[in-house]
Amino acid sequence: MNTDRREFLKGAAWMGAAAAVVGCSTTKGFGFGDGGSMATYADKPFKKLRVGIVGLGRGQAGVTGFNAIPGCEITAICDLNAARIKRTLDATAKAGRPAPKVYTGGPEEWKKLCDDENVDLVYNATPWELHVPIALYAMNAGKHVATEVPSAFTVDECWELVKTSERLQRHCMQLENCCYGEIEMLALNLCRLGKLGDLVHAEGAYIHDLRSYNYADWNDATGGGGYWDFWRLRHNTAHKGNQYTTHGLGPICWYMDVNRGDCFDYLVSLESNQFNFEAYAKAAFPADNWKHNLKVEMGDMNTMLIKTKKGRSIMIQHDVSSPRPYSRINTITGTKGLLCDYPYRVAWEDKPGAGAHSFFANEKAEEIRKEFMHPLWKQSGDMAKKMGGHGGMDFLMVLRLAYCLQNGLPLDQNVYDLASWCCLCELSEKSVRNRSASMDIPDFTRGAWKTTAPLGDLSVDLGKMGLA
Ligand SMILES: NC(=O)c1ccc[n+]([C@@H]2O[C@H](COP(=O)([O-])OP(=O)(O)OC[C@H]3O[C@@H](n4cnc5c(N)ncnc54)[C@H](O)[C@@H]3O)[C@@H](O)[C@H]2O)c1
1189 MNTDRREFLK GAAWMGAAAA VVGCSTTKGF GFGDGGSMAT YADKPFKKLR VGIVGLGRGQ
1249 AGVTGFNAIP GCEITAICDL NAARIKRTLD ATAKAGRPAP KVYTGGPEEW KKLCDDENVD
1309 LVYNATPWEL HVPIALYAMN AGKHVATEVP SAFTVDECWE LVKTSERLQR HCMQLENCCY
1369 GEIEMLALNL CRLGKLGDLV HAEGAYIHDL RSYNYADWND ATGGGGYWDF WRLRHNTAHK
1429 GNQYTTHGLG PICWYMDVNR GDCFDYLVSL ESNQFNFEAY AKAAFPADNW KHNLKVEMGD
1489 MNTMLIKTKK GRSIMIQHDV SSPRPYSRIN TITGTKGLLC DYPYRVAWED KPGAGAHSFF
1549 ANEKAEEIRK EFMHPLWKQS GDMAKKMGGH GGMDFLMVLR LAYCLQNGLP LDQNVYDLAS
1609 WCCLCELSEK SVRNRSASMD IPDFTRGAWK TTAPLGDLSV DLGKMGLA
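In the working numbering, the protein residues as written are 1189 to 1656.
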């Protein structure tokens, strides 16, 4: 694998050029693509859902889920790494499932998987630079596509995914698993039940010290060790702004019905200088190692503020280089009370105007957690925890995806959610590079947010799965 500095910089230059360092212009969207809005689009039921998985690192969330869910079959897999392919074939055999067709041996083998007539859904868990090319190719090959986070990085890429999805009437979903976290779904339920009142403000984040992983060498023999070809470090060295927006933001958009009753309006973004990345590399690697003097564009802490058209505010932070405990913050406040996470706490007024000056005691918070647990968690939470994957949320995401496709339902996250959550990567970078100037956020729904109904109950009827 490329641990050579020249090769590394070649890749970094490619990614930097792709973003044209924040000089991209916004493609205006007028009217829907040929096929119409995807806001509530549903295809025919896929009683047997045939899945092709590209990228078998994080793609294991899909492997575990689809191998376990009735009516699903992983018919094809693709990766460059032999160890990861073997691990996936072993897991599939252990689950008693048929062996999938393997595509490997070249960087464009994923095209063959997308063209495979035995694939209905392309599940894409590759490095960031492959997200948009694979999604576009898969839709053009007639497939529905679900892509890991972030699914795109620029406003133009987001419009291209929206227009292609509309024109071809293919799902283009982002795999934002944090929307299905237990506390996130508890918060969603409290919002739906009006316990927090009218929603006013939310805070989310991706705070995760990834320094050692960013700089670690990929080990081809074992398939892992660091990120493949330093894809994350290459992106971070070339960019400022929040380049991983969706883990904190996705659940907040569900609480606030963004694209289904509300809409982003504009943002400002402010970033600290970079103090941690380069210092880490200097301490961790000797002077003759290319990593020792590597320049990193990304500041350590990025803070983005979003105003919605209905007047709410959202704060989203990104920090993958400071020595801090993991947090997605996950705080939602309303006219009656609030829920905070990391750790989970909750409070609301007993009567209007009484105030919520301190959080409820732990016992009461625990009672609330049990009483108001989201129906999906009440129904499938135990199974999800056994299946694992970030405490069960990975499995619930895959379960809902499979359930909706098997039963001809719209997906929980549509292409407009993908676009509005992901375009913030470029817009936050533009703001940072312009002294935190305000940036308009496109309305990818082109006004449909005013009439699209909020997400429904999100439960799953296990009796309606795998009836092929
Ligand atoms: N939602 C989450 O909680 C979560 C967690 C981790 C990663 N992710 C996302 O998942 C994606 C992958 O992350 P990861 O940690 O698995 O990265 P990774 O570097 O561990 O794995 C990437 C895999 O892609 C393969 N690959 C690279 N180029 C390829 C090509 N041309 N054709 C086929 N395979 C190719 C590599 O061999 C490797 O197995 C990223 O987008 C990341 O943001 C999401």
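Ideal Cβ positions, reconstructed from N, Cα and C, are used throughout, including at glycine. No experiment lies behind these values; they were computed from the predicted model shown.
- Segment contact: the segment 1579-1592 against the segment 1366-1380, three or more CB-CB distances shorter than 8 Å; contact assigned.
- S1568 has its alpha-carbon roughly 30 Å from the corresponding atom of C1266.
- At least one heavy atom of ligand 1 falls within 7 Å of the beta-carbon of V1242.
- Boundaries of the alpha helix (DSSP H) harbouring D1303: W1298 to D1303, taken from the DSSP string.
- Within the DSSP bridge table, the entry for H1506 names Y1394 and N1490 as partners.
- Annotated three-state conformation of V1290 is strand, per DSSP.
- Ligand 1 never approaches V1603 closely enough for any of its heavy atoms to be under 7 Å from the residue's Cβ.
- Residues of the same chain with a CB within less than 7 Å of the CB of E1485, apart from the 5 flanking positions on each side, are T1425, A1426, H1427 and K1428 in chain order.
- With respect to H1332, D1231 sits close: the two C-beta atoms are nearer than 8 Å.
- Shortest gap from the CB of E1336 to any heavy atom of ligand 1: under 7 Å.
- In terms of side-chain proximity, the C-beta atom of R1422 is found no nearer than 7 Å to any non-hydrogen atom of ligand 1.
- Judged by their CB atoms, D1631 and C1441 are not nearer to each other than the 8 Å cut-off.
- In this structure, DSSP gives E1370 a helical state, which the three-state scheme calls helix.
- Annotation for M1361: the continuous beta strand (DSSP E) segment containing it runs C1360 to Q1362.
- Beta-bridge pairing by DSSP links A1271 to no other residue.
- The beta-bridge partner set that DSSP reports for D1450 consists of V1446.
- With a cutoff of 7 Å, R1516 does not count as near ligand 1, since its C-beta is closer than that to no heavy atom of the ligand.
- Rounded to whole angstroms, the Cβ separation of R1420 and N1402 is 6 Å, and the two are in contact under 8 Å.
- According to the DSSP assignment, G1250 belongs to the alpha helix (DSSP H) that extends over Q1248 to A1256.
- For E1614, the uninterrupted alpha helix (DSSP H) run begins and ends at L1612 to R1621, by DSSP.
- Proximity of the beta carbon of A1270 to ligand 1 is not indicated: no heavy atom of the ligand is located closer than 7 Å.
- Taking a C-beta distance under 8 Å as the contact criterion, N1602 and A1283 do not qualify as a contact pair.
- In chain order, A1230, D1231, K1232 and P1233 place their CB closer than 7 Å to the CB of G1596, counting only its own chain and leaving out the 5 sequence neighbours on each side.
- Here DSSP, grouped into helix, strand and coil, assigns E1261 to strand.
- The shortest CA-to-CA distance from S1400 to any of W1565, P1511 and I1520 is the one to P1511.
- Counting only residues of its own chain and dropping the five nearest sequence neighbours on each side, F1473 has a CB closer than 6 Å to the CB of K1479 and H1480.
- Listed in chain order, the non-local C-beta contacts of I1322 below 8 Å within the same chain comprise V1242, W1298, C1302, V1310, N1312, T1314, V1333 and T1335, local neighbours out to five positions each way being set aside.
- DSSP, read as helix, strand or coil, puts Y1432 in coil.
- The beta carbons of E1459 and G1499 sit no closer together than 8 Å.
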